[in-house]
Structures are given as C-alpha cells and as structure tokens.
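Structure, as structure tokens:
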Amino acid sequence: MLRRLLLLLVAFARCEVVDYYAVLGVARTATTAEIKKAYRALAQEYHPDKLASTLSEEAKAEAVAKFVALAQAHEVLSDDDRRRAYDATGADEPDAEAEARAAEQGPPEYTELPVKVEARFRHGAFRFSFAGTGVRAMSATRVPITVTMEDLLVGVTRNLTLSRRVRCRACDGTGSARPARRPTCPLCGGTGRAPALGAAGRPPSPFRQSFESLCGACGGFGKLRGPPCASCDGEGIAAETHVVTVVVPPGAPEGHEIVFRGLGDEHAHRDAGDLVVVVEAAPHGRFARSVDGANVWCNASVGLLDALYGFSKKLTGLDGARLDVRHDRVAFSSFTHELPGEGLPVFGNATQRGSLTVYVAVSFPRSLSALQLRVLRHIGLRPDELDFIRALQLLMAYQYATTVPDGSAELKFASRCYGDALDVCKPERRYWTWWRAVV
30 MLRRLLLLLV AFARCEVVDY YAVLGVARTA TTAEIKKAYR ALAQEYHPDK
80 LASTLSEEAK AEAVAKFVAL AQAHEVLSDD DRRRAYDATG ADEPDAEAEA
130 RAAEQGPPEY TELPVKVEAR FRHGAFRFSF AGTGVRAMSA TRVPITVTME
180 DLLVGVTRNL TLSRRVRCRA CDGTGSARPA RRPTCPLCGG TGRAPALGAA
230 GRPPSPFRQS FESLCGACGG FGKLRGPPCA SCDGEGIAAE THVVTVVVPP
280 GAPEGHEIVF RGLGDEHAHR DAGDLVVVVE AAPHGRFARS VDGANVWCNA
330 SVGLLDALYG FSKKLTGLDG ARLDVRHDRV AFSSFTHELP GEGLPVFGNA
380 TQRGSLTVYV AVSFPRSLSA LQLRVLRHIG LRPDELDFIR ALQLLMAYQY
430 ATTVPDGSAE LKFASRCYGD ALDVCKPERR YWTWWRAVV
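The sequence shown runs 30 to 468 under my numbering.
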C-alpha cells in the first residue's frame, strides 16, 4: 500500500508543473549557496531515516514524496545551466518579450511534405533509440616531466609522486557512513536512473522526448545515502598519493605523451581517467634542439686571424666527447660546420643519431690600428690586397649591425677566397706565429 501510494505521488509530481523555488522555500533570486543551505535543512527533516516510527503509512509516504521533490528541486536549481532552462520553460510566466517577437513575426509558414506525415505514424507511436558508448571515463590528468638534453641522449627513468582523486575506501564511494544499510531510493526504485520527459511542465503533446539521468535523490547509487561518511565528509571521493615510474625513451620529442591507463582521477559512476605524462625539455646552456628533434645546433666564435687563415677548434659534445671543428679556408659570419652522428638519438631508433651543426660567428675588429696596418705591409701584402682587407673588415663590421643589402660585395670576396687564387685568403703558414706574436 505504501509503495503504491508513493508511486502515485511521484507520478503526480512529474506530471504537474512544480515550482522548485516554492518546494525549497527560497526566492527566485536566491543564490546557489542559499539553495544548497535550504535543501540541506529540509532534507534532514524529511529524510526517510529521520522519520519517527510512530508516523502512519500515509504520513511516511508524504514525507518521502516531499524528500524526492526536494532532491529534484535541488538537482535542477543547483546547476546553473539547468536552472536557466527551468526559469525559461518551467513554472515561470511566459516571457513577454518573446511573445511580442512572436506576434510581430506572425504565424509560422508550413510547406507540404512530399510524403504525408500521417502515413508515417498510422501505426501509433514511434521511437528513435540513440545508444551511447557505455560508461564514460573521467578526463585525462596531464602532468609534465622536465628532462635535460643529456637525459634524452640515453633515456631516463623517474619516479613521480602524484595526488589523484579516488573513491573513498571507507564508504566505497557512496558517501555514507553505513554503506551496507542504506534504504532503497523510492524515486528510482533502486536503479539509480531517473527518467525525465522533454515536455514536462508543458501541455500534452504527441511529440515527446525522454532521456535518463542520474537520480537526484540517491545520486545514482539506487540507495539513499544516510549519515555522511566521516572519511570523505559525504563526498564519496578522497585524495590519494601514489608513485608512478616514468620511463622517458632516448630522443623523445618535445610534447611526447606517456599514457598510464586508469591512473587518473576516479568517479563513483565513471571509469577512472588516464594519467598522461608530457615530456618537456629544459633549456640547455650551449645546445639547442632543432624542429625535427634529432638534430641539435650550437654557436661558436672565432677571431679575425682564424677566419682568414682557417682554424682547428675543440668542442665538447653532448656526451662529453671532444670534437674537432676544422676549417682551412676563409670563414664568414654564419659559416656552419656539421658533425654527423653527434646529435640526439632518433626517436624509435636509438642506434641512429642526428647531426650537430656549429654556427660560427667571426669576432671581427671594428678598426685596424696603424701598427696592424704596418704589420700587414711588412708581411708583403700588396696595396690592392690591403684594400681587400679593409673592405672585408668594413663588410664584416656591417654584418654585425644589419644584413647586407647587396650580396654582390660578399659574393665578390667569396669568389676570391674560394677560387683558384688562394694566396690572399690562405697565406703561407710561416706568417701565422709571427702575426700572433706581433699582435
């Protein structure tokens, strides 16, 4: 008898237009905090576990129906989007502005369908079923891991200590202090799902859409919560710290994702999300990574004499090896020297490594002193060769300030240096020690 009366009350509550604000006893301008406060106070009064045993069956049924109505009102009004939809189409009076716009537009125009509608529905009601993909998982939790270029050279293993939200172990995510003694929810009958009609609160219509959502009275558990769990304060979710071992492979590109299935946040009605560890490379003091990931580059500088005579330098690579950077011709600024196999490992093929490109900048003097000019004359340079040195000095100094507007001058010098006559750009080595000693 009690169950039949309760079902009748619930069915009646669904069919009639319900003023949720009146159910909770709050004004339509009430804030979300005020709505939640009113719901908590009334829910304590009408909760089935709080009812006196001396009440009659009818009084208990009315109290439970009141509790169900409170849960429905709280579910709608505590959600901003659903509250706006309810205010627009629920128990409110029609929008005067909307009616005025509709009056100005006049009656809607209809066009004849190629197939008569009554032929489609002559056998009565019809249904469209849209099945979901099952239980949705929580969103993935993304965590960065910072590594150095030396780490990427051989790969690295790190232990990350992380915090995530999990189902409370004390109440199994129910939020109840007595999870095994909870009464069955009278609204959903223990299913945890509450059907809702798209045409609720409106005049009867032959076209009506229905959908299911979590029951607002029991939160989708099928049973009423009862006293809140002390461990999670009734939330059903608690924070947990865990350690994850992350293996970053050699040559891992920037933004590479390492996915741990099911190690993200948990939810009472959803599958646990994934944990995604994103690789981020820390800036290096000497080397930089190219876009392709395996090739790296660095800057180096040489003096005027090295640029004119050629040079042989030692460079320490990523793995600590001493690398030879040798050039036996004139080097202009932005001259590059490539060292194959001295970059980072190719991702997915650690036995193969990219290249190291050295960008050479020439530290050119801004001017030549009288002593330097005398030295140049002393070593036997002809006047036209001295003019060439001066012009080269002006060109290189100009390159420091801006780009060369006309590349013909640099092309002229390059043709002299890399042509058949190398006596100017590559003097005999006997002048090398003497020049350095004088200057």
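All residues carry an ideal CB built from backbone N, CA and C; glycine is no exception. Quick caveat: nothing in here was measured; it's all calculated off a predicted structure.
>> Please list the terminal residues of the continuous alpha helix (DSSP H) segment that includes Arg318.
In response: No alpha helix (DSSP H) contains Arg318, which is instead part of the beta strand (DSSP E) from 316 to 318.
> Hey, quick one: how far does the alpha helix (DSSP H) through Thr61 stretch, first residue to last?
Replying inline: 61 to 75
>> Distance check for Phe96 and Arg290, CA to CA, integer angstroms please.
In response: 40 angstroms
>> Once the 5 residues before and after Arg171 are set aside, which same chain residues still bring their CB inside 7 angstroms of it?
In response: Val305, Val307
>> Whole angstroms are fine: how far does the CA of Phe364 sit from the CA of Ser392?
In response: 13 angstroms
> In chain order, what residues of the same chain lie with their CB nearer than 6 angstroms to the CB of Lys342, ignoring the 5 residues before and after it?
Replying inline: Val354
>> Measuring only the C-alpha atoms, how far is Leu209 from His298?
In response: Just to set this straight, residue 209 is Ala in the shown sequence, not Leu. Using only the alpha carbons, I get a separation of about 18 angstroms.
>> Comparing C-alpha positions only, which one of Tyr68, Ala72, Tyr338, Leu344 sits nearest to Asn328?
In response: Leu344
>> My output table needs one value for Phe159: the three-state DSSP class, helix, strand or coil.
In response: The predicted model places Phe159 with a pLDDT of 46, which falls under 50 and marks its position as unreliable; any figure quoted below should be read in that light. Correct three-state label for Phe159: coil.
> In this structure, what does DSSP give as the bridge partners for Gly332?
Replying inline: Ser392
>> Using C-beta distances below 8 angstroms, list every residue in its chain close to Gly286, excluding the 5 sequence neighbours before and after it, in chain order.
In response: Per the sequence presented here, residue 286 reads as Glu, with Gly not at that position. Once the five neighbours on either side are set aside, the close Cβ partners of Glu286 are Val305, Val306, Val307, Val308.
>> With H, G and I counted as helix, E and B as strand and the rest as coil, what does DSSP make of Leu373?
In response: coil
>> I believe Leu373 touches Gly322 by the beta-carbon criterion, under 8 angstroms. Please report the beta-carbon distance rounded to the nearest angstrom.
In response: 7 angstroms
>> I need the boundaries of the alpha helix (DSSP H) containing Glu295, first residue and last residue.
In response: From DSSP, Glu295 is part of no alpha helix (DSSP H); its letter is neither H nor E.
> Near Arg112, what residues of its chain come up, given a Cβ to Cβ distance below 6 angstroms and the 5 sequence neighbours on each side ignored?
Replying inline: Leu106
>> Taking the straight line between their C-alpha atoms, what separation do you get for Gly204 and Glu371?
In response: 58 angstroms
>> Can you list, in chain order, the residues of its chain with a C-beta nearer than 6 angstroms to that of Phe361? Leave out the 5 residues immediately preceding and following it.
In response: none
> Residues in its own chain within less than 7 angstroms of Arg57 by CB, not counting five upstream and five downstream?
Replying inline: Tyr50
>> Between the alpha carbons of Ser444 and Val325, how many angstroms are there, rounded?
In response: Interpretation of Ser444 is limited by its pLDDT of 45, a score under 50 that renders its predicted location unreliable; the figure taken from the coordinates is listed afterwards. In a straight line, the C-alpha of Ser444 is about 30 angstroms away from that of Val325.
> Are Cys200 and Ala246 touching if we call contact CB-CB under 9 angstroms?
Replying inline: no
>> What does the alpha-carbon distance come out to for the pair Val47 and Gln73?
In response: 21 angstroms
> Quick one: is Val276 buried, meaning 16 or more other Cβ sit within 10 Å of its Cβ, or exposed?
Replying inline: exposed
> Expressed to the nearest angstrom, what Euclidean distance is found between the alpha-carbon atoms of Leu71 and Glu91?
Replying inline: 14 angstroms
>> Measuring only the C-alpha atoms, how far is Phe340 from Gly293?
In response: 56 angstroms
>> Please state the DSSP three-state secondary structure of Tyr49.
In response: helix
>> Is the beta carbon of Gly265 closer than 9 angstroms to that of Cys214?
In response: no
> Three-state secondary structure (DSSP) at Pro208?
Replying inline: helix
> Mind checking Asp180: buried by the 16 CB within 10 Å criterion, or exposed?
Replying inline: buried
> Nearest-angstrom Cα distance between Leu333 and Ser396?
Replying inline: 12 angstroms
>> Can you check which of these residues, Arg254, His296, Val52, is closest to Arg194 by C-alpha distance?
In response: His296
> Which residues bound the alpha helix (DSSP H) around Val97?
Replying inline: 86 to 106
>> Using C-beta distances below 6 angstroms, list every residue in its chain close to Ala311, excluding the 5 sequence neighbours before and after it, in chain order.
In response: Thr175, Thr177
> Exposed or buried, which one is Glu367 when buried takes at least 16 other CB atoms within 10 Å?
Replying inline: exposed
> Who are the near neighbours of Leu99 in its chain, counting only those whose CB is closer than 8 angstroms to its CB and skipping five residues on each side?
Replying inline: Val52, Leu53, Tyr68, Leu71, Ala72, Tyr75
> Is it buried or exposed for His103, if we count other Cβ within 10 angstroms and need 16 for buried?
Replying inline: buried
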